[in-house]
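Asks:
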Amino acid sequence: MPADSILTISPALCDRAGEVIKAVKDSGHSIITAESCTAGMVAAVLSRADGAGEVLHGGFVTYTKDHKRAALGVSADLLRDKGAVNEEVVRQLAQGALRRSPASLSFAVSGVLGPEKDEDGNPVGLVYFCCLKSGAEPVTVREDFGKQDPERLLQLTIGRAFDLIESCAKSQV
275 MPADSILTIS
285 PALCDRAGEV
295 IKAVKDSGHS
305 IITAESCTAG
315 MVAAVLSRAD
325 GAGEVLHGGF
335 VTYTKDHKRA
345 ALGVSADLLR
355 DKGAVNEEVV
365 RQLAQGALRR
375 SPASLSFAVS
385 GVLGPEKDED
395 GNPVGLVYFC
405 CLKSGAEPVT
415 VREDFGKQDP
425 ERLLQLTIGR
435 AFDLIESCAK
445 SQV
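Under my numbering, the first residue of the sequence shown is numbered 275, with each subsequent residue one higher.
(1) On the DSSP letters alone, give me the boundaries of the beta strand (DSSP E) that I461 sits inside.
(2) Relative to the C-alpha of E440, which residue among Y402, R290 and G325 is closest?
(3) Over what stretch of residues does the alpha helix (DSSP H) that includes S441 continue unbroken?
(4) I'd like the list of long-range same chain contacts for L320, defined as Cβ closer than 7 Å, with 5 residues on each side in sequence excluded.
(5) By alpha-carbon positions, which one of V398, I305, T282 and D300 ends up nearest to A435?
(6) Mind checking who A382 pairs with in its DSSP beta bridge?
(7) Once the 5 residues before and after A313 are set aside, which same chain residues still bring their CB inside 8 Å of it?
(8) With R373 as the anchor, note down where its beta strand (DSSP E) starts and where it stops.
(9) Using the Cα positions of E328 and A377, report the straight-line distance between them to the nearest angstrom.
(10) How would you write the range of the alpha helix (DSSP H) that D355 sits in, first residue to last?
(11) Buried or exposed for A286, going by 16 or more other Cβ atoms inside 10 Å?
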């Protein structure tokens, strides 16, 4: 992203955030996020929706491996051996966020939005998501959006995050 560029979130995603907040509220849950590649943008967009103050507790931005470990308790061995972009890491991010928050639903994301592959060789466009409700098994999703413009990848990642959060909130499990 050029230094003079200002990140813009599409109006469709802002509208979608309202639907997601409503689903979380209607389910009786509240939510916390743990974000790496999106650097807090999922929580930021959700926070703009009507009713967010009733169900959104906030979010953890855990961009580096060190902060994933320090803030949310992700295993140092896991990060060293498998890197930061995989199913187990997003699961541990979601678990750590849920343990450290009064929320009853957590969402986590870790991936590579570019413009280059990450330090572990993961390709641009690879993103892992996890949604976890208290007392339930985590739901994880792997997406390979392919190499695209980083701003486009961010929009796609936020959109997929909203789909997963809404689905998780509405599920009876």
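C-beta: ideal position from N, C-alpha, C; glycine also.
Replies: To lay it out plainly:
(1) Outside the displayed range of the chain (275 to 447) lies residue 461, so it cannot be described from this structure.
(2) R290
(3) P424 to K444
(4) A291, V294, I295, A326 and L330
(5) I305
(6) A308 and C404
(7) V335 and Y337
(8) Run containing R373: none in the beta strand (DSSP E); it sits in the alpha helix (DSSP H), E361 to R373.
(9) 11 Å
(10) A350 to K356
(11) exposed
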